[in-house]
Amino acid sequence: MATAVSTPTSTPAAPEEDTTQVVVLDAALLVRDECNAREHDTEPDEKLITSVKEIGVEEPISVRPRPDGTYGVFKGWRRAQAAQVANATAEAEGRPVRPVKAYVRQDLVGRDGWTRFLSLVENDHREGMSARDTLRAQELALIDMSEVDRRTAAKALRVGRNAARQAKTAQKLDDATLRRATAGGMDLEQTAQLAEVSDVRGAENRLLRALQRDHEEGGGRGHWDQEMALLRAEQADATARAKAVEELKAAGIPLLGTVGYGQKDPSRPLAELTTGLGAPLTEDNHKGCPGHSARLDEEHRPVWHCADPAAHGHKARPKPKRPKTEEDERRAEERARTVACNRAWKAAAGPRQEFVKRLVRGKTLPEEARQFAQRIVLDLPRFYGKWADKQRTETLALLLGAADPQEAPSQVAANFPKNRLANVLFAQVAAAFEDDIREPKQFDTARMRHVCLWESPSPLQASYLLLLESLGQADNGSYQLSEVEQQAVASHRPNANAEADSDASADADA
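For the sequence shown, counting from 1, position 24 maps to 24 in UniProt numbering; every step adds exactly one.
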């Protein structure tokens, strides 16, 4: 039974339901459309079935005609099932069955992507649809669409052009994590980024805390971006270690484990051992020893050991090993801190340069940035001249928006409107700073020693970081300094000297 009750009108590319044909259908002809976005919790509950038994399906469902004469329900499948249950009960009791009112979408035949999108929008506005169903529907709908439909759907869903890929990535998370991510306010891109680093211990809680800080400070993504950069650096570090371990395993070289508390470690590095005749031991001449093994250093490079020198006839080098002291432990802690800060410093470059690129590509460069760039160009500090002499243009090309870092910056800049000369100038100055602070450890010619930038940046380097922090705060918190950068600039903040003078004065009075 399929009786038309209204006259169809001309159908646009993506018509509204109230302009399409409404019919009453036999509930037995209704089946679930393969593009229905809801894949879990699809059964009607008792409350819905009871309601339909009493008054029928009040709101029309939405269907597509199928070749076999049935209709695929992409909106209202639970209501359709409730109608089928109600009709089965009515037949058993000898009562008449009720038809179901439906919007028949002839225009959606063969348009699976748009059908899935419409189903997604319908179900997303209702309670009970799982986060996994939402992600799956977004992925499949956007993949199946034409480019025109994809742009329209992305705008309606408030997602970016990479939404299909992000939805696919986000589905790697388990259901519990997806629920927590949604409840915590993560958008599609952020949920996908969580999935990328979910194997890093504590990643979910760290990102949720960063998201909360962003919400509290204006709704930008500054804290989120910094935490993601740090998590990716930790993930890369873990991947490098796993690769080193796998290479040792493939070569048949045992990796020595951590010695438990109170246990004696019989192994020794080859650098501390000799052969029985006093010849130095190296990786090459020790390979045939049954105790040939390794430990990995902070950079995941193998340090060759003998697992049991005494058992294999090796001798300790004449210089005895000093017993561990508190100073040794302090130095070990300092080494670990240095490794962590160096990694964090390098990771912070990613969000920082992305923020600079956004500033450079903006229609109007903030006045504070223009004045800063102008001052550097006119003052010509030593580092800026050295940078220009090296003619390293890769960073500048990337900050200007080049797809290939080998592209000439002048060619990229030629595409900028005439009124954005200040943007290009700022990009050049920022590139000089970025190359100058790329490595966390540098040689300070004034003090004639190596320094770590995260402990002691120059006043100019600190002024660059403080400028970006100020610009990010002015842009609703879209950029924040990382923890290691904040540590670096702490003594260079405008009020730092005043506080130091105040403390000194208080000490003198005391």
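Ideal Cβ positions, reconstructed from N, Cα and C, are used throughout, including at glycine. Predicted model, so just to flag it, every value in this text is computed and none were measured.
**Message:** DSSP three-state label for Gln171, please.
**Reply:** The three-state reading of DSSP puts Gln171 in coil, since its state is none of H, G, I, E or B.
**Message:** Below 8 Å on the Cβ atoms is my contact criterion, and I expect Val100 with Ala83 to pass it. Report the Cβ-Cβ distance as a whole number of Å.
**Reply:** Going by Cβ atoms, the distance from Val100 to Ala83 rounds to 5 Å, so yes, they are a contact pair.
**Request:** May I have the straight-line CA-CA distance separating Val23 from Thr191, to the nearest angstrom?
**Result:** For Val23 and Thr191, the distance between alpha carbons rounds to 41 Å.
**Prompt:** Can you find at least 3 beta carbon pairs, one from the segment 469–480 and one from the segment 439–459, that sit closer than 8 Å?
**Reply:** The segment 469–480, when compared against the segment 439–459, does not touch it at the 8 Å Cβ threshold.
**Prompt:** In the segment 56–103, which residue ranges form an unbroken alpha helix (DSSP H) of at least 4 residues, counting only runs that do not cross its ends?
**Reply:** Restricted to the segment 56–103, the alpha helix (DSSP H) segments that are unbroken, complete and at least 4 residues in length are 77–92, listed in chain order.
**Item:** DSSP state of Trp387 mapped onto helix, strand, coil
**Value:** Here Trp387 carries a helix assignment [DSSP, helix/strand/coil].
**Prompt:** On the three-state DSSP scale, how would you describe Pro280?
**Reply:** Pro280: strand per DSSP, three-state reduction.
**Element boundaries [alpha helix (DSSP H), containing Ala422]** = Ala422 -> alpha helix (DSSP H) spans 421–436.
**Prompt:** Do Phe433 and Arg370 come within 9 Å of each other at the CB atom, strictly closer than that value?
**Reply:** No. Outside cutoff.
**Message:** Counting C-beta neighbours from all protein chains within 10 Å, is the total for Lys243 16 or more, i.e. buried, or is it exposed?
**Reply:** Lys243 comes out exposed.
**Asked** Is His40 buried or exposed, if buried means 16 or more other CB atoms sit within 10 Å of its CB?
**Response** His40 should be labelled exposed.
**Message:** Looking only at its chain, what residues have a beta carbon closer than 6 Å to the beta carbon of Thr395, apart from the 5 residues adjacent to it on each side?
**Reply:** Cβ neighbours of Thr395 within its own chain (closer than 6 Å, five residues either side excluded): Ala431, Glu434, Asp435.
**Prompt:** At which residues does the beta strand (DSSP E) containing Cys341 begin and terminate?
**Reply:** Per DSSP, Cys341 belongs to no beta strand (DSSP E); it is in the alpha helix (DSSP H), 326–361.
**Item:** Whole-angstrom C-beta distance between Pro409 and Leu421, which should lie under 8 Å
**Value:** About 14 Å; that fails the 8 Å criterion.
**Request:** Using only alpha-carbon positions, find the residue among His292, Arg301, Glu298 that is nearest to Ala311.
**Result:** Answer by Cα proximity: His292.
**Item:** DSSP-derived helix/strand/coil call for Arg301
**Value:** In the structure shown, Arg301 adopts coil according to DSSP, grouped into three states.
**Item:** Residue range of the alpha helix (DSSP H) that includes Val259
**Value:** Following the DSSP letters along the chain, one finds Val259 in no alpha helix (DSSP H), marked with neither H nor E.
**Asked** Touching or not, the segment 332–349 and the segment 472–491, by the rule of three or more beta carbon pairs under 8 Å?
**Response** Yes: at least three Cβ pairs fall under 8 Å.
**Message:** Measuring straight from C-alpha to C-alpha, what distance separates Leu207 and Arg158?
**Reply:** Looking at the two C-alpha atoms, the distance is approximately 21 Å.
**Where Ala251 falls: helix, strand or coil (DSSP)** = Residue state, collapsed to three classes: coil.
**Message:** Let me check one thing: in DSSP terms, what residues is Ala294 bridge-paired to?
**Reply:** Ala294 pairs with Leu255, Trp304.
**Message:** Given the structure, does Gln353 come close to the ligand FAD, in the sense that its CB is under 8 Å from one of the ligand's heavy atoms?
**Reply:** What this structure holds is no ligand at all, so the ligand FAD is not there to describe.
**Message:** Give me, in chain order, the residues of the same chain whose beta-carbon lies closer than 8 Å to that of Leu468; leave out the 5 immediate sequence neighbours on both sides.
**Reply:** The residues are Arg352, Phe355, Val356, Tyr479, Leu481.
**Request:** With DSSP as the reference, label Gln480 as helix, strand or coil.
**Result:** Gln480 sits in coil when the DSSP states are folded into three classes, being neither helix nor strand.
**Item:** Alpha-carbon to alpha-carbon, Lys386 and Ala490
**Value:** C-alpha separation (whole angstroms): 27 Å.
**Item:** Contacts around Asp308, its chain only, beta-carbon distance under 8 Å, and the 5 residues preceding and following it disregarded
**Value:** If we look at Asp308 and ignore the five residues flanking it on each side, its Cβ neighbours are Pro266, Ser267, Gly291.
**Request:** Can you give me the start and stop residues for the alpha helix (DSSP H) that Arg213 sits inside?
**Result:** Arg213 -> alpha helix (DSSP H) spans 203–216.
**Request:** Starting from Gln473, follow the alpha helix (DSSP H) in both directions and report where the run begins and ends.
**Result:** For Gln473, the enclosing alpha helix (DSSP H) starts and ends at 459–474.
**Asked** Taking C-beta to C-beta, are Arg132 and Arg150 nearer than 9 Å?
**Response** With contacts defined as CB atoms closer than 9 Å, Arg132 and Arg150 fail to qualify as a contacting pair.
**Prompt:** Could you give the C-beta distance for Ala167 and Arg116, rounded to a whole number, given that I count them as a contact under 8 Å?
**Reply:** With a beta-carbon spacing of about 12 Å, Ala167 and Arg116 fall beyond the 8 Å limit used to define contacts.
**Request:** Measure the alpha-carbon distance for Leu378 versus Ser119 and round it to whole angstroms.
**Result:** Each residue's alpha carbon lies about 60 Å from the other.
**Asked** Among residues of its own chain, excluding the 5 on either side of Ala233, which ones have a beta-carbon nearer than 6 Å to its beta-carbon?
**Response** Excluding positions up to five away in sequence, the list reads Arg343, Ala347.
**Item:** Neighbour-count burial assignment, Asn419, 16 or more Cβ in a 10 Å radius
**Value:** Looking at its Cβ environment, which holds fewer than 16 other Cβ atoms inside 10 Å, Asn419 is exposed.
**Prompt:** Can you name the start and end residues of the alpha helix (DSSP H) that Leu396 belongs to?
**Reply:** Note, Leu396: alpha helix (DSSP H), 394–399.
**Message:** For a quick check, are the C-beta atoms of Leu194 and Glu204 less than 9 Å apart?
**Reply:** Contact flag set, yes.
**Asked** Under a Cβ-count criterion, where at least 16 other Cβ atoms within 10 Å of its own Cβ denotes burial, should Phe443 be classed as buried or exposed?
**Response** The residue in question, Phe443, is exposed, as its Cβ has fewer than 16 Cβ neighbours within 10 Å.
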